[in-house]
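Number of protein chains: 2
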Amino acid sequence: MLDTDLTRLLHIRFPIIQAPMAGGPTTPTLVAAVSNAGGLGSLGAAYLAPEHLRSEIHKIRQLTDRPFGVNLFVPENPKESKETISKMTNYLNKYRTKLGISHNPSILKYQEEFQDQVQVILEEKIPVFSFTFGIPSQSLLEEMKSRKIVVIGTATTVDEARLLEQAGVDAIVAQGSESGGHRGTFLKDSSHSLIGTMALVPQIVDQASIPVIASGGIMDGRGLVSSLVLGAAAVQMGTAFLACPESGAHRVYKQKVLLEHEDATEVTRAYSGKDARGIRTTFMNEMQHFPSTIPAFPIQNAMTKDIRQAAAKANNSEYMSLWAGQGLRLATDHPAETIVQLTVDQARKILKEIASMNTFSKE
Amino acid sequence: MLDTDLTRLLHIRFPIIQAPMAGGPTTPTLVAAVSNAGGLGSLGAAYLAPEHLRSEIHKIRQLTDRPFGVNLFVPENPKESKETISKMTNYLNKYRTKLGISHNPSILKYQEEFQDQVQVILEEKIPVFSFTFGIPSQSLLEEMKSRKIVVIGTATTVDEARLLEQAGVDAIVAQGSESGGHRGTFLKDSSHSLIGTMALVPQIVDQASIPVIASGGIMDGRGLVSSLVLGAAAVQMGTAFLACPESGAHRVYKQKVLLEHEDATEVTRAYSGKDARGIRTTFMNEMQHFPSTIPAFPIQNAMTKDIRQAAAKANNSEYMSLWAGQGLRLATDHPAETIVQLTVDQARKILKEIASMNTFSKE
Numbered sequence: 001m002l003d004t005d006l007t008r009l010l011h012i013r014f015p016i017i018q019a020p021m022a023g024g025p026t027t028p029t030l031v032a033a034v035s036n037a038g039g040l041g042s043l044g045a046a047y048l049a050p051e052h053l054r055s056e057i058h059k060i061r062q063l064t065d066r067p068f069g070v071n072l073f074v075p076e077n078p079k080e081s082k083e084t085i086s087k088m089t090n091y092l093n094k095y096r097t098k099l100g101i102s103h104n105p106s107i108l109k110y111q112e113e114f115q116d117q118v119q120v121i122l123e124e125k126i127p128v129f130s131f132t133f134g135i136p137s138q139s140l141l142e143e144m145k146s147r148k149i150v151v152i153g154t155a156t157t158v159d160e161a162r163l164l165e166q167a168g169v170d171a172i173v174a175q176g177s178e179s180g181g182h183r184g185t186f187l188k189d190s191s192h193s194l195i196g197t198m199a200l201v202p203q204i205v206d207q208a209s210i211p212v213i214a215s216g217g218i219m220d221g222r223g224l225v226s227s228l229v230l231g232a233a234a235v236q237m238g239t240a241f242l243a244c245p246e247s248g249a250h251r252v253y254k255q256k257v258l259l260e261h262e263d264a265t266e267v268t269r270a271y272s273g274k275d276a277r278g279i280r281t282t283f284m285n286e287m288q289h290f291p292s293t294i295p296a297f298p299i300q301n302a303m304t305k306d307i308r309q310a311a312a313k314a315n316n317s318e319y320m321s322l323w324a325g326q327g328l329r330l331a332t333d334h335p336a337e338t339i340v341q342l343t344v345d346q347a348r349k350i351l352k353e354i355a356s357m358n359t360f361s362k363e
Numbered sequence: 001m002l003d004t005d006l007t008r009l010l011h012i013r014f015p016i017i018q019a020p021m022a023g024g025p026t027t028p029t030l031v032a033a034v035s036n037a038g039g040l041g042s043l044g045a046a047y048l049a050p051e052h053l054r055s056e057i058h059k060i061r062q063l064t065d066r067p068f069g070v071n072l073f074v075p076e077n078p079k080e081s082k083e084t085i086s087k088m089t090n091y092l093n094k095y096r097t098k099l100g101i102s103h104n105p106s107i108l109k110y111q112e113e114f115q116d117q118v119q120v121i122l123e124e125k126i127p128v129f130s131f132t133f134g135i136p137s138q139s140l141l142e143e144m145k146s147r148k149i150v151v152i153g154t155a156t157t158v159d160e161a162r163l164l165e166q167a168g169v170d171a172i173v174a175q176g177s178e179s180g181g182h183r184g185t186f187l188k189d190s191s192h193s194l195i196g197t198m199a200l201v202p203q204i205v206d207q208a209s210i211p212v213i214a215s216g217g218i219m220d221g222r223g224l225v226s227s228l229v230l231g232a233a234a235v236q237m238g239t240a241f242l243a244c245p246e247s248g249a250h251r252v253y254k255q256k257v258l259l260e261h262e263d264a265t266e267v268t269r270a271y272s273g274k275d276a277r278g279i280r281t282t283f284m285n286e287m288q289h290f291p292s293t294i295p296a297f298p299i300q301n302a303m304t305k306d307i308r309q310a311a312a313k314a315n316n317s318e319y320m321s322l323w324a325g326q327g328l329r330l331a332t333d334h335p336a337e338t339i340v341q342l343t344v345d346q347a348r349k350i351l352k353e354i355a356s357m358n359t360f361s362k363e
């Protein structure tokens, strides 16, 4: 059961994908450690400039010859009025004052150029490309396929999974509501697409004819076997790796992950303009009272960047984005390899226990 | 694995508890059918007057000699100002006009007397008592125990589970965010206690030394085995039974359950004053724009009762409460016995498949 269609397709030993957590946690060291341990490490590259992305890929390749993945955000180009932008700028200035930084941050661009990032991925012929927030163009997906790059999309509902399969992806991440970080929702309102993993996975599995990767609240061997039983071909685990030594998450962020509980997170668009699950902070709480419209992603994300960076520099977690899922009590600071190994060991133990029982044969 | 500590304690064959869905669905016929099939049927008795509760118990006993459960809501006695009540009354009158009913509903009481309901349960010595929304008094729990009634509480967080165990319950329902109907949250804000089943169950299991019953999004044998793998001793399934012939849910409610999808539900306090998950309706959508405070449970529940009843009479699902979980695509209209049997058969098949594989012994 640990050997699935997907592990064969991805050429990995264990059906464990380390989630691509953009913005710092997924260092080349973490990605390579997970891949070396038999899972699939993934680089969350959405915020990386193309040349930085290339150098991170090179670093990963220096550390492992196993397959790994790179994740990008399919770009959105929302327009916001000057008034909306200016109201938010003014509102955010109280945080700039608090953190002692300039009221005039220079925002050179809202996001990296997706086409340029993609170009690096194609040139580097990375083994696995995953994306979030929609579906890239058909021509891009065909280009990926022609280079034998395995392509993975992200769905938060059955309808999204269907569109991804129609577009020709090789596998689908079913992102349950428990999961940390940005919601991958690209149809409907994302508040309508917070489906728990236990409910989401079997409903997508029933409608999809390609492998489904369960994500959201999966923290150990119990979550792994449980997901496989629901019909998933693998799991994607993010929060489980957040506090490991190889993770690039800030020290105070890791401390929060290790200390906080299952009820500490909330879905917010305060930091980035797009719904994402993170540990509750003063910034999130206060932004609930923001009297106007929060600019859409990636504008708000770019607008809060200087604040998040200054807060990190000051070790002040209350103004940092602390993306995390609902499995927090199960997070550990073990090395990534140990996390993979303990997960596999526990999964094998569970499978062995089941196999040694014969209650299923009753009657 | 289908034979657990809890099945032995409850004297049931299969670790399947039919959720006590107050307000109509859990007829004596449904409760008895599930118990006769080897699960534990449960009567959602919160809204039943004591003598009605007694007659329902008698009906169940005429239909089965197997164990069954009765669920009550631990009472809350909120106060609301005359102004709050009057604003809501005025707002609701537009629905009364639409449905052609009197603007002066007679609300004799907000809820049934818990003590009187409990008295019936004690006198009838029912096999299993479960409760939601808090913890009854220590003396009541001791009284139950002295009469050998198995007592089950409901938790939506680890802290709630701990309090229930300290209070001396025999088992805990871990209510994941996927589940339909009222949230059992009794500590903190219930919006902070929407933890997905995949994340909630193992975290409660790790902290509890009594059996844990997984609930939320569990619809079939996959959900059952998956929950047992997470460490649960049984599952509680509600939505799976909602549209079965024995369910007392209204015909149009059943139709909605069979037609709607995983993303059709939302958590609302529009109907009852307390957070509950149901299929989205016009009433829920419009109440989001109600400009004042929604009276707390059970006041709002009593205040909307005439509207819900008139809507049911008119077969108008847009003003009925359609409590349901996120597993909607997996709901069927099979008889209750078939649902139990198919769940068990599928669970056994999965367990057998696992046992026949030997990939876990690799290395």
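Listed in order, the protein sequences are those of chains A and B. Our numbering puts the last residue of the first sequence at 363; the count rises by one with no breaks. Our numbering puts the last residue of the second sequence at 363; the count rises by one with no breaks. Where a beta carbon is used, it is the ideal one built from N, C-alpha and C, also for glycine. The model shown is predicted, which means the values in this text are computed figures rather than measured ones.
Within the same chain, show all residues whose beta-carbon is closer than 6 Å to that of S130/B, passing over the 5 residues directly before and after it, in chain order. Locating residue 130/B in the second sequence gives position 130, counting from the first residue. Only G69, N71 and I152 meet the Cβ criterion.
Whose Cβ in chain A lies nearer than 9 Å to the Cβ of M284/B? Position 284 of the second sequence holds residue 284/B. None at all; the shortest Cβ gap to chain A is about 12 Å.
Contacting positions in the stretch 21-39 of chain A - beta carbon closer than 9 Å to chain B: none
Using three-state DSSP, classify G278/B as helix, strand or coil. On the second sequence, residue 278/B is found 278 positions in, with the first residue counted as 1. In the structure shown, G278/B sits in a strand (DSSP, three-state: E or B).
Would you call the stretch 25-42 of chain A and the stretch 238-245 of chain A in contact, with 3 or more CB pairs under 8 Å? yes
Among K87/A, H261/A and L9/A, whose alpha-carbon lies nearest the alpha-carbon of K148/A? What you label residue 148/A is simply residue 148 of the first sequence in a count that begins at 1. Out of K87/A, H261/A and L9/A, L9/A has the C-alpha closest to the C-alpha of K148/A.
Run of the alpha helix (DSSP H) containing I307/B, from where it starts to where it stops: What you label residue 307/B is simply residue 307 of the second sequence in a count that begins at 1. Counting along the chain, the alpha helix (DSSP H) containing I307/B begins and ends at I299 to K313.
Buried or exposed: which applies to S361/B, given that a residue is buried once 16 or more other Cβ atoms fall within 10 Å of its Cβ? Walking along the second sequence from the start, residue 361/B turns up at place 361. Any reading at S361/B must be qualified, since the residue scores a pLDDT of 48, below 50, and its modelled position is unreliable; the value itself is stated next. S361/B is exposed by the Cβ-count criterion.
First through last residue of the alpha helix (DSSP H) which encompasses F241/A: As a first step, residue 241/A must be located in the first sequence, where it is residue number 241. Residues T239 to L242.
Using DSSP with H/G/I as helix, E/B as strand and the rest coil, what is T27/A? Sequence index remark: in the first sequence, residue 27/A carries index 27 (1-based). Reduced to three states, the DSSP call for T27/A is coil.
Can you name, in chain order, every residue of its own chain whose Cβ lies under 7 Å from the Cβ of M144/B, other than the five neighbours on each side? Counting from one through the second sequence, the residue named residue 144/B turns up at place 144. Cβ neighbours of M144/B beyond the five flanking positions: F129 and V151.
V225/B: first and last residue of the uninterrupted alpha helix (DSSP H) it sits in: Residue mapping note: residue 225/B aligns to position 225 of the second sequence, counting from 1. G221 to V229 is the span of the alpha helix (DSSP H), which, as asked, contains V225/B.
Give me, in chain order, the residues of the same chain whose beta-carbon lies closer than 7 Å to that of D116/A; leave out the 5 immediate sequence neighbours on both sides. Reading the first sequence from its first residue, position 116 is the one you call residue 116/A. The answer, listed in chain order, is P50.
Since I85/B is in the alpha helix (DSSP H), which residue starts that stretch and which ends it? Within the second sequence, the letter at position 85 stands for residue 85/B. I85/B -> alpha helix (DSSP H) spans K82 to L99.
Could you tell me how far apart the beta carbons of V158/B and E262/A are, in whole angstroms, since I believe they sit closer than 8 Å? Stepping through the second sequence from its first residue, residue 158/B is reached at position 158. Stepping through the first sequence from its first residue, residue 262/A is reached at position 262. Yes, V158/B and E262/A are in contact; Cβ-Cβ is about 6 Å, under 8 Å.
Which two residues bound the contiguous beta strand (DSSP E) that contains A155/A? Taking the first sequence and counting its residues from 1, one reaches residue 155/A at position 155. Looking at the DSSP string, the run of the beta strand (DSSP E) that includes A155/A is V150 to A155.
For V201/A, which of G221/A, R222/A, A234/A and S191/A has the nearest alpha-carbon? Here residue 201/A refers to the residue found at position 201 of the first sequence. Nearest option by C-alpha distance: A234/A.
Under 8 Å, Cβ to Cβ, is there at least one residue of chain A near G100/B? Residue mapping note: residue 100/B aligns to position 100 of the second sequence, counting from 1. Chain A, which has no Cβ nearer than 8 Å to the Cβ of G100/B, makes this no.
With three or more C-beta pairs closer than 8 Å as the rule, is the stretch 72-83 of chain B touching the stretch 253-271 of chain B? no
Using a Cβ cut-off of 8 Å, pull out every chain A residue sitting near G196/B, in sequence order please. Taking the second sequence and counting its residues from 1, one reaches residue 196/B at position 196. Here the neighbours are G176, S177, E178, G196, T197, M198, G216, G217 and Q326.
Distance check for A232/A and A214/A, CA to CA, integer angstroms please. Position 214 of the first sequence, counting from 1, holds the residue named residue 214/A. Position 232 of the first sequence, counting from 1, holds the residue named residue 232/A. If you take the alpha carbons of A214/A and A232/A, they lie about 6 Å apart.
Is I350/A close to chain B, meaning its C-beta is less than 8 Å from at least one C-beta of that chain? Position 350 of the first sequence, counted from the first residue, corresponds to residue 350/A. Chain B, which has a Cβ nearer than 8 Å to the Cβ of I350/A, makes this yes.
Any residues in the stretch 134-166 of chain B with a beta carbon nearer than 7 Å to a beta carbon of chain D? Which ones, in chain order? The displayed structure is made up of protein chains A and B, and chain D is not among them.
Taking only the alpha-carbon atoms, compute the straight-line gap between R13/B and V229/B and give it to the nearest angstrom. As a working note, residue 13/B is residue 13 in the second sequence. As a working note, residue 229/B is residue 229 in the second sequence. Distance between the alpha carbons of R13/B and V229/B is about 18 Å.
Quick check on this structure: which residue in H182/A, T185/A, H334/A and L48/A has the alpha carbon closest to the alpha carbon of K254/A? Taking the first sequence and counting its residues from 1, one reaches residue 254/A at position 254. Ranking H182/A, T185/A, H334/A and L48/A by Cα distance to K254/A puts H334/A first.
To the nearest angstrom, report how far apart T185/A and P136/A are at their CA atoms. Within the first sequence, numbered from 1, the residue matching residue 185/A stands at position 185. Within the first sequence, numbered from 1, the residue matching residue 136/A stands at position 136. Near 14 Å, if we compare the C-alpha coordinates of P136/A and T185/A.
Any residues in the stretch 224-246 of chain B with a beta carbon nearer than 8 Å to a beta carbon of chain A? Which ones, in chain order? V225, S226, S227, V229, L230 and G231
How close, in whole Å, do the beta carbons of Q175/B and T154/B come, if the pair is a contact with beta carbons under 8 Å? Position 175 of the second sequence, counting from 1, holds the residue named residue 175/B. Position 154 of the second sequence, counting from 1, holds the residue named residue 154/B. Confirmed, Cβ separation roughly 6 Å.
Mind pulling the chain B residues with CB within less than 7 Å of M287/A? Counting from 1 along the first sequence, the entry for residue 287/A is found at position 287. Going along chain B, no residue has its Cβ under 7 Å from M287/A, so there is no contact; the nearest lies around 16 Å.
Have a look at the DSSP bridge pairing and note the partners of N71/A. In the first sequence, the residue the question calls residue 71/A occupies position 71. In the DSSP output, where bridge partners are listed per residue, N71/A has G44/A and S130/A.
Apart from the five residues on each side of it in sequence, which residues of its chain come closer than 6 Å, Cβ to Cβ, to E363/A? One-based indexing of the first sequence puts residue 363/A at position 363. Any answer about E363/A is weak, because its pLDDT of 46 lies below 50 and its placement is not dependable; what the coordinates show is given next. Nothing listed; no residue qualifies.
Determine the DSSP secondary structure at E266/B, reduced to helix, strand or coil. Translated into the one-based positions of the second sequence, residue 266/B becomes position 266. Here E266/B sits in strand by DSSP.
How would you list, in chain order, the residues of chain A whose beta-carbon sits under 9 Å from the beta-carbon of M88/B? For this step, residue 88/B is matched to residue 88 along the second sequence. Result: empty, since nearest Cβ-Cβ is about 24 Å, beyond 9 Å.
Can you name the residues of chain B whose CB is closer than 7 Å to the CB of R222/A? Your numbering for residue 222/A matches position 222 in the first sequence. Simply P202, V229, L230 and G231.
Against chain B, with Cβ distances strictly below 8 Å, would D275/A count as a contact? Looking up residue 275/A in the first sequence gives position 275. Chain B, which has no Cβ nearer than 8 Å to the Cβ of D275/A, makes this no.
is_contact[R54/A, chain B] using C-beta, thresh 8 Å: Taking the first residue of the first sequence as 1, we reach residue 54/A at position 54. Closer than 8 Å: no.
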